[in-house]
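K.L.:
First to last, the protein sequences are chains P and Y. Numbering (the numbering used here) for the first sequence: 1 to 242. Numbering (the numbering used here) for the second sequence: 1001 to 1402.
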Amino acid sequence: MLSHDISPQSDSVEVIRLEDVRRRYTMGLTHVDALAGVDLLVQGNEYLAIMGASGSGKSTLMNVIGCLDTPTGGEYWLNGQHVSHMSDRELAGARNREIGFVFQMFNLLPRHTALANVEVPLVYAGMKKKERDERAKHALEIVGLSDRTMHRPSEMSGGQRQRVAIARALVTEPSILLADEPTGNLDSTTSRDIMVLFDDLHAAGHTLIVVTHEHYVAEHAKRVIWLSDGKVISDSMNGAGA
Amino acid sequence: MLITETLRIALLSIRGNIFRTALTMLGIIIGVAAVITMVALGTGAQRAIDEQMAALGGDILSIQTSSWFSRGVARDRQTLTTDDAAALSIGTRHFAAVVPEINNRYQAKYGNMNLNLSTIGTTPNYPDVHGFEIANGRFFSAADEAARARVVVLGAEIPAMFETDAAAIIGRDILIRSIPFTVIGVMNAKGSYGWRNPDDDIWIPLSTAQFRVTGDEHVETISVQVAEDSTVELAMLEIERVLRREHKIQPGADNDFSVIDRKQFVESRQEATEVFTYLLAGIAGVSLVVGGIGIMNIMLVTVTERTREIGIRKALGATRGNILLQFLVESITLCLFGGILGLLLGATASSLLAKFAGWQTVVTTDSAAAAFGFSAAVGILFGIWPAKRAAQLDPIDALRHE
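1) When the cut-off is 8 Å and only beta carbons count, does P/PRO295 lie next to chain Y?
2) Against chain P, does Y/LYS1388 count as a neighbour if the rule is that its beta carbon must be under 8 Å from one of theirs?
3) Please report the distance separating the alpha-carbon of Y/ARG1015 from that of P/LEU145.
4) I want to verify the contact list: residues of chain Y whose CB lies under 7 Å from the CB of P/TYR124, in sequence order.
5) DSSP has Y/SER1178 in a bridge; who is on the other side?
6) In its own chain, which residues sit with a C-beta less than 7 Å from the C-beta of Y/SER1287, not counting the 5 before and 5 after it?
7) Within this structure, are the beta carbons of Y/GLY1317 and Y/LEU1399 separated by less than 8 Å?
8) Buried or exposed: where does Y/PHE1327 fall if 16 or more other Cβ atoms within 10 Å of its Cβ makes it buried?
9) Along the alpha helix (DSSP H) that carries Y/ARG1172, what are the first and last residues, could you check?
10) Just the C-alpha distance for P/VAL118 and Y/GLN1360, rounded to the nearest angstrom, thanks.
11) Mind listing which residues of the region 1013 to 1034 of chain Y have their C-beta closer than 7 Å to chain P's C-betas, in chain order?
12) For chain P, check one thing: does any of its Cβ atoms lie closer than 8 Å to the Cβ of Y/LEU1393?
13) Quick check on DSSP: helix, strand or coil for P/LYS231?
14) If the cut is a Cβ gap below 7 Å, which residues of chain Y does P/LEU68 touch?
15) The region 107 to 123 of chain P: which residues have C-beta closer than 7 Å to a C-beta of chain Y, in chain order?
16) Residues of chain Y with CB closer than 8 Å to the CB of P/ASP88, please, in chain order.
17) At a CB-CB cut-off below 7 Å, which residues of chain P make contact with Y/GLU1309?
18) Taking 8 Å as the CB-CB cut-off, is P/ASN96 touching chain Y?
19) Tell me, please, whether the CB atom of P/GLY93 is closer than 8 Å to any CB atom in chain Y?
20) Measure the Cβ-Cβ separation of Y/LYS1429 and Y/PRO1395 and say whether it is below 8 Å.
21) Excluding five sequence neighbours on each side, which residues of the same chain lie with their C-beta closer than 7 Å to the C-beta of P/HIS151?
22) Counting only beta-carbon atoms, is P/ASN185 nearer than 8 Å to chain Y?
23) For P/ASN63, go through chain Y and note every residue whose CB falls closer than 8 Å to its CB, in chain order.
24) From the DSSP output, in three-state form, read off Y/TRP1385 for me.
25) What residue range is occupied by the uninterrupted alpha helix (DSSP H) comprising Y/ILE1249?
26) For P/ALA34, collect the residues of the same chain with a Cβ closer than 7 Å to its Cβ; drop the 5 residues on either side in sequence, then sort them by chain order.
27) Taking 8 Å as the threshold (C-beta atoms), are Y/ARG1212 and Y/ARG1148 in contact?
28) How many angstroms separate the CA atom of P/GLU155 from the CA atom of P/GLN162?
29) Within 10 Å of its beta-carbon, does Y/MET1113 have 16 or more other beta-carbons around it, so buried, or fewer, so exposed?
30) Of all the CB atoms in chain Y, is at least one closer than 8 Å to the CB of P/PHE101?
31) Among residues of its own chain, excluding the 5 on either side of Y/LEU1117, which ones have a beta-carbon nearer than 6 Å to its beta-carbon?
32) Against chain P, with Cβ distances strictly below 8 Å, would Y/ILE1049 count as a contact?
33) So Y/THR1065 and Y/GLN1052 are supposed to be a Cβ contact under 8 Å. How far apart are they, rounded?
34) Which chain P residues are close to Y/ILE1312, counting only those with a beta carbon under 7 Å from its beta carbon?
35) In chain order, what residues of the same chain lie with their CB nearer than 6 Å to the CB of Y/LEU1175, ignoring the 5 residues before and after it?
36) Alpha carbon to alpha carbon, how far is P/ARG223 from P/GLN43?
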């Protein structure tokens, strides 16, 4: 169905290993343990949904996995690299190479065209203009937007914007695609299209982690973990595969 | 590669806020223009003085009667005589030339035109010592001096004042104090010294002035040219020794004459001009700093406005260094554009000042380069703090920023 060669992870490679990961926020004398000891193993080409009520710690877990935040306790290996001891500069590199973010608010740069938006991570990877163009065009092709490369975000629908964001997440060939409520700002038809795209990306070999509180989103995933009070309270396979 | 991309983003953002950017740049434009203009004025004044220095020729000491006070009022007492000049010119190796001058203002008449002119009675070596050249005709000679000839040499502007020209007036007579004098030469224009203009003086032989016009042996000034193998200090001591002897001044009594080093006088003026230039440039520099603060202000606003963009860029792999560089390049670009426009404005203002106010102004490549460097420095200095703030934003907070 998808014909592309952005190389996905092969199966049974350990992509994420969290061991007793903790994240404590200190405000004056009070502490809040947003993560209170999380253990998690994610293999290549898994399709994982992280669920939980608000305040359960799922955003913090996503930030830690996405290298935007560092744990205050425990260990984190991402694709064999020891993230929990990385410097700020190394974390930026890890975000650039290993993670492809998809946000609820799309987070495209308004003054840039779709193509330029997709190229941003490649700029920070230090790639030359010509190669950036080729890769970005290819990524836009995968999400079905090859005819929108020169449009600005303001000239596109919500679904198209999210597709640009997905192309931007794919373009560096990251170890994991990390999506935070990817359909939160979309109507139900468009949401379904985006989830179908995710299914296709999974089928093509990508590793996907989706943070959501919506069941129909989680139903697309093959594995669902539930968080509550900063702890994993359930970790199960979607037996029927939704 | 990354730097061209950074520059592209900076230009994109500047273009996105063109009006605000132009207003901000105005501060830098005015600052740089002010620095350029003030330095141009100062350099011009400096150059004018340098030219005067060159016009003065070698080291010349000027001996004058010192003023004395009677009941609190300064009175001139004529103490210098032609005999003093003669005594100075005999047998000293410290002086290359001694030029006595009798200065008076007399009514001069040519045809039916009357002018009140500064008339200098002096010796034939005057043009050499004071660096004058003859434009038309000749200066008076030793023979004229010996014969007390009634001949006169005119300053460059005199023929025009008599509504004629240099060639036409030579050989004609003018009346000085009703005594007819034949015009034998016209000097080259020398330009004013500021406190006086030698181009509207006239010159007659010393002996003629003494015996036919004033009737006494006093002179106002004796100029002494210091010999090349001597020094100003030694020449001053020699003058003092000779004149104290001639004037029979008792040891311990004050001199009744004063010796002025004109070069020193010009040098002190030069120093004053230099201080003035620094002062002007300093004030102009303050406006450049104010412009820089405007840049910092707008960069802080830009960073706040683009907090979310910073968050996105960080999430996509931008390091602190990338973000810092991006905002720094933006403020430097702003300042350099402002610097170029300011340079053009300053150069225009300088040439307008020269044209309409008649002040000599000089825009040097040095001052242009300095203004350019200054505006870049302002961009870095006032851009670094906002850029640092941008770089240190927490990506999670920045992404949440509305």
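Glycine included, every Cβ here is placed at the ideal spot set by N, Cα and C. Everything numeric in this text was worked out from a predicted model, so none of it was measured.
P.N.:
According to the structure shown:
1) Since the first residue shown for chain P is 1 and the last is 242, residue 295 of chain P is missing from the structure and cannot be characterised.
2) Counting from 1 along the second sequence, the entry for residue 1388 of chain Y is found at position 388. Judged by the 8 Å Cβ criterion, Y/LYS1388 is not in contact with chain P.
3) Looking up residue 1015 of chain Y in the second sequence gives position 15. Looking up residue 145 of chain P in the first sequence gives position 145. About 28 Å.
4) As a first step, residue 124 of chain P is located in the first sequence; it is residue number 124 there, counting from the start. Correct list: LEU1316, GLY1317, ALA1318, ASN1322.
5) Counting from 1 along the second sequence, the entry for residue 1178 of chain Y is found at position 178. Answer is none; Y/SER1178 lacks a bridge partner.
6) As a first step, residue 1287 of chain Y must be located in the second sequence, where it is residue number 287. Only ILE1030, GLY1031, ALA1034 meet the Cβ criterion.
7) For the purposes of this step, residue 1317 of chain Y is taken as the residue at position 317 of the second sequence. For the purposes of this step, residue 1399 of chain Y is taken as the residue at position 399 of the second sequence. No, these two residues do not count as a Cβ contact at 8 Å.
8) Residue 1327 of chain Y sits at position 327 when you count from the first residue of the second sequence. With 16 or more other Cβ atoms within 10 Å, it is buried.
9) In the second sequence, residue 1172 of chain Y corresponds to position 172, counting from 1. It is not in any alpha helix (DSSP H) - Y/ARG1172 carries neither H nor E in the DSSP assignment.
10) Looking up residue 118 of chain P in the first sequence gives position 118. Looking up residue 1360 of chain Y in the second sequence gives position 360. The alpha-carbon atoms of P/VAL118 and Y/GLN1360 are separated by roughly 58 Å.
11) Residues GLY1016.
12) As a working mapping, residue 1393 of chain Y is identified with position 393 in the second sequence. Put simply, the CB of Y/LEU1393 is far from chain P, with every gap to its CB atoms at 8 Å or more.
13) Taking the first residue of the first sequence as position 1, residue 231 of chain P is located at position 231. Secondary structure of P/LYS231 (DSSP, three-state): strand.
14) Counting from one through the first sequence, the residue named residue 68 of chain P turns up at place 68. Ordered by position in chain Y, the residues that pass the 7 Å Cβ test against P/LEU68 are ALA1315, PRO1395, ILE1396.
15) For the region 107 to 123 of chain P, residues whose beta-carbon sits nearer than 7 Å to a beta-carbon of chain Y comprise ASN107, LEU109, ARG111, VAL120, PRO121, VAL123.
16) As a working mapping, residue 88 of chain P is identified with position 88 in the first sequence. Within chain Y, the residues near P/ASP88 are THR1319, ARG1320.
17) What you label residue 1309 of chain Y is simply residue 309 of the second sequence in a count that begins at 1. Within 7 Å Cβ-Cβ: LEU109.
18) Here residue 96 of chain P refers to the residue found at position 96 when the first sequence is read from its first residue. Yes, because at least one Cβ of chain Y sits closer than 8 Å to the Cβ of P/ASN96.
19) As a position in the first sequence, residue 93 of chain P is number 93, starting the count at 1. Closer than 8 Å to some Cβ of chain Y, the Cβ of P/GLY93 qualifies, so yes.
20) This structure does not reach residue 1429 of chain Y, given that chain Y is present from 1001 up to 1402, and the question cannot be answered.
21) Mapped onto the first sequence, residue 151 of chain P falls at position 151. Same-chain partners within the cutoff: THR113, ALA114.
22) Position 185 of the first sequence, counted from the start, is the residue given in the question as residue 185 of chain P. Chain Y contact via Cβ: absent.
23) The residue you call residue 63 of chain P lines up with position 63 of the first sequence. Within chain Y, the residues near P/ASN63 are ILE1396.
24) Taking the first residue of the second sequence as 1, we reach residue 1385 of chain Y at position 385. In the displayed model, Y/TRP1385 falls within a helix according to three-state DSSP.
25) Within the second sequence, the letter at position 249 stands for residue 1249 of chain Y. Going by DSSP, Y/ILE1249 is part of no alpha helix (DSSP H) at all; its letter is neither H nor E.
26) On the first sequence, position 34 is the one that residue 34 of chain P refers to. Result list for P/ALA34: ARG23, TYR25, GLY57, THR60, GLY230, in chain order.
27) In the second sequence, the residue the question calls residue 1148 of chain Y occupies position 148. In the second sequence, the residue the question calls residue 1212 of chain Y occupies position 212. With respect to Y/ARG1212, Y/ARG1148 sits close: the two C-beta atoms are nearer than 8 Å.
28) To locate residue 155 of chain P, count along the first sequence from 1; it is residue 155. To locate residue 162 of chain P, count along the first sequence from 1; it is residue 162. A straight line joining the alpha-carbon of P/GLU155 with that of P/GLN162 spans about 13 Å.
29) The count along the second sequence starts at 1 and reaches residue 1113 of chain Y at position 113. Exposed, by the Cβ-count rule.
30) Here residue 101 of chain P refers to the residue found at position 101 of the first sequence. Interface flag for P/PHE101 against chain Y is set, since a Cβ pair is found closer than 8 Å.
31) Locating residue 1117 of chain Y in the second sequence gives position 117, counting from the first residue. The answer, listed in chain order, is ALA1108, ILE1202.
32) By 1-based counting over the second sequence, the position of residue 1049 of chain Y is 49. Between Y/ILE1049 and chain P, the shortest Cβ-Cβ separation is not below 8 Å.
33) On the second sequence, position 65 is the one that residue 1065 of chain Y refers to. On the second sequence, position 52 is the one that residue 1052 of chain Y refers to. Contact between Y/THR1065 and Y/GLN1052 does not hold, since their C-beta atoms are separated by about 25 Å, which reaches or exceeds 8 Å.
34) Indexing the second sequence from 1 puts residue 1312 of chain Y at position 312. Here the neighbours are ASN107, LEU109.
35) The residue given as residue 1175 of chain Y occupies position 175 in the second sequence. Answer for Y/LEU1175: LYS1109, listed in chain order.
36) Working through the first sequence from its first residue, we reach residue 223 of chain P at position 223. Working through the first sequence from its first residue, we reach residue 43 of chain P at position 43. Distance between the alpha carbons of P/ARG223 and P/GLN43 is about 11 Å.
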